[in-house]
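A.B. asks:
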């Protein structure tokens, strides 16, 4: 059985223990960037737009932690993230990724603490606010979730995801008009995304707008949304 790209990168770093510290630092930074790309392409949320700052040992712990995260060994990942942030306390990405591991273990309070530290170090990076909003949502802190999504939107006003996500806590607070307004903006920014129309349809049914619901379901179905196509059969005669 072959190894995955993540496993290959992880094994590669372990084979460079005999080179000088300076060379190892460069190799570690390069592999960290490659691992970030791999995780992103697999839909993971592990984050890093640049190689982390700090000692080569701290970088290696961060890489090991990311590998363990990819294998769903969240406790093991947290142990390595702990070492990474201890060795590089000003490297924001270690806190963000540890927060993700804590989130997977449903330690939402711990995740929020890590995301807050990430935000303290990288206040203009939208991903910290998005991640913290997700954790607040899990704790049913819907107003706090909305606040963080709002900052995310202020930083990335042309990203449809922010509006779609902010609509969710608004729905929990029964702010249907506010949720629909956010879905309107998401659709404006991504008009070919069927999820936008489907999500707005669900908000409209909660608001009692059955006619509007069916219009959006039909549009979503036209764009290939299978669940919308099924709902049309029972809800839009």
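Residue numbers (our numbering): 1 to 237.
C-beta atoms are modelled at their ideal positions from N, C-alpha and C, and glycine is treated no differently.
(1) I'd like the span of the alpha helix (DSSP H) that includes residue 175, first residue to last.
(2) Could you check how far apart the C-beta atoms of residue 152 and residue 129 are, in whole angstroms? I think they sit under 8 Å.
(3) Exposed or buried, what is residue 158 when buried is set at 16 or more other beta-carbons lying within 10 Å of its beta-carbon?
(4) Assuming residue 187 and residue 178 are in contact, meaning their beta carbons sit under 8 Å apart, how far apart are those beta carbons, in whole angstroms?
(5) Using 8 Å as the threshold, is the C-beta distance between residue 182 and residue 201 below it?
(6) For residue 223, does the three-state DSSP call read helix, strand or coil?
(7) Got a sec, what are the start and stop residues for the alpha helix (DSSP H) residue 89 sits in?
(8) Let me know if residue 233 comes out buried or exposed under the rule of 16 or more other beta-carbons within 10 Å of its beta-carbon.
(9) At what residues does the alpha helix (DSSP H) containing residue 128 begin and finish?
(10) Output the distance between the C-alpha atoms of residue 75 and residue 191, rounded to the nearest integer angstrom.
(11) Would you kindly work out how many angstroms separate the C-alpha atoms of residue 69 and residue 104, rounded to a whole number?
(12) Could you compute how far the alpha carbon of residue 110 sits from the alpha carbon of residue 163?
(13) Classify residue 173 as buried or exposed, calling it buried when 16 or more other Cβ atoms lie within 10 Å of its own Cβ.
(14) Residue 194 by DSSP, collapsed to three states: which one?
(15) For residue 213, which residues of its own chain have a beta-carbon under 6 Å away from its beta-carbon, when the five flanking residues on both sides are left out?
(16) Select from 72, 64, 122 and 107 the residue whose C-alpha is nearest the C-alpha of residue 89.
(17) Any idea what DSSP makes of residue 250, helix, strand or coil?
C.D. replies: Reading it off the structure:
(1) First-last for residue 175: undefined, no H or E at that position.
(2) 4 Å
(3) exposed
(4) Not really, about 15 Å apart at Cβ, beyond 8 Å.
(5) no
(6) coil
(7) Element bounds for residue 89: n/a, residue is neither H nor E.
(8) exposed
(9) 126-138
(10) 40 Å
(11) 10 Å
(12) 26 Å
(13) exposed
(14) helix
(15) 201, 204 and 205
(16) 122
(17) Because the chain in this structure spans residues 1 to 237, residue 250 falls outside the shown range and cannot be described.
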